[in-house]
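Trainee:
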Amino acid sequence: EEIDNTYYNWAKKLLDDNNSTQILAKLLSYCFDNELNPGLYNEIKDLSGKNRRIEMEGRTRLFVALGKKDKISPSKLVKFIIKNTGVKNSAIDQVEVYNNFSFVTVPFKEAEIILGVFQKKSGKKKSLVVKAKKKQTK
Numbered sequence: 004e005e006i007d008n009t010y011y012n013w014a015k016k017l018l019d020d021n022n023s024t025q026i027l028a029k030l031l032s033y034c035f036d037n038e039l040n041p042g043l044y045n046e047i048k049d050l051s052g053k054n055r056r057i058e059m060e061g062r063t064r065l066f067v068a069l070g071k072k073d074k075i076s077p078s079k080l081v082k083f084i085i086k087n088t089g090v091k092n093s094a095i096d097q098v099e100v101y102n103n104f105s106f107v108t109v110p111f112k113e114a115e116i117i118l119g120v121f122q123k124k125s126g127k128k129k130s131l132v133v134k135a136k137k138k139q140t141k
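With the numbering used here applied, the sequence shown corresponds to residues 4 to 141, in that order.
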């Protein structure tokens, strides 16, 4: 693929005048911001045990009134949430899509953003996204 001369000349000048490793490090930092920052990721825990539980501290589960019947897949649901709220992809996990509804898990901060956006969009109607209720034990 052809590179625009403006960018090529600019890159050449930057490389001639500066350290290439520093330029690349700054570019990666700028482009990927927090997504590649190892300090923002939790340590991976061994979940192979019989009674495994995923660390959920600081996170909440949201109920989404969309499911397979609405032609929603996990990736489509994540894209839908990102498009409507601006929440980053890395904040959304444990996406479960069932026939009539779905669940996602997000940090509390992002949950407030998501809930706020969908409550505003729904007006007086029932919101498309609400905080999930705890499972009832019989």
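C-beta: ideal position from N, C-alpha, C; glycine also.
State the start and end residues of the unbroken alpha helix (DSSP H) segment that holds Asp19.
Mentor: Sequence index remark: in the sequence shown, residue 19 carries index 16 (1-based). Taken as a continuous stretch (DSSP letters only), the alpha helix (DSSP H) holding Asp19 covers Asn8 to Asp20.
Trainee: Give the DSSP bridge partners of Val132, in chain order.
Mentor: Walking along the sequence shown from the start, residue 132 turns up at place 129. Paired residues: Val67.
Trainee: For Leu18, count neighbouring Cβ atoms within 10 angstroms of its own Cβ and tell me buried if that reaches 16, exposed if not.
Mentor: To locate residue 18, count along the sequence shown from 1; it is residue 15. Its Cβ having fewer than 16 others within 10 Å, Leu18 is exposed.
Trainee: So who's on the other strand from Val107, going by DSSP bridges?
Mentor: Along the sequence shown, read from residue 1 onward, the residue named residue 107 stands at position 104. Paired residue(s): Leu65.
Trainee: Let me know the secondary structure DSSP gives Glu99 once reduced to three states.
Mentor: Start at 1 with the first residue of the sequence shown, and residue 99 comes out as number 96. Looking at Glu99 - three-state DSSP - the assignment turns out to be strand.
Trainee: For Val107, which residues from the same chain have a beta carbon less than 6 Å from its beta carbon, with the 5 sequence-adjacent residues on both sides left out?
Mentor: Taking the first residue of the sequence shown as 1, we reach residue 107 at position 104. Once the five neighbours on either side are set aside, the close Cβ partners of Val107 are Leu65, Ile95 and Val98.
Trainee: Under 7 Å Cβ to Cβ from Lys16, same chain only, skipping five residues before and after it: list those, please.
Mentor: As a first step, residue 16 must be located in the sequence shown, where it is residue number 13. So no residue of the chain qualifies.
Trainee: By Cβ distance below 7 Å, which residues in the same chain neighbour Ala135 in space, the five residues on each side in sequence not counted?
Mentor: Position 132 of the sequence shown, counted from the first residue, corresponds to residue 135. So the list reads Arg64, Leu65, Phe66 and Phe106, once near-sequence residues are dropped.
Trainee: Between Asn92, Ala28 and Val100, which lies nearest to Ser76 when the distance is taken from Cα to Cα?
Mentor: Against the sequence shown, residue 76 aligns to sequence position 73. Here the closest residue by C-alpha is Val100.
Trainee: Would you mind reading off the limits of the alpha helix (DSSP H) that contains Ala94?
Mentor: Taking the first residue of the sequence shown as 1, we reach residue 94 at position 91. Unbroken run through Ala94: none, as it is neither H nor E.
Trainee: Could you check what DSSP says for Val90 in three-state terms: helix, strand or coil?
Mentor: Within the sequence shown, residue 90 is the residue found at index 87, counting from 1. Three-state DSSP puts Val90 in coil, outside helix and strand.
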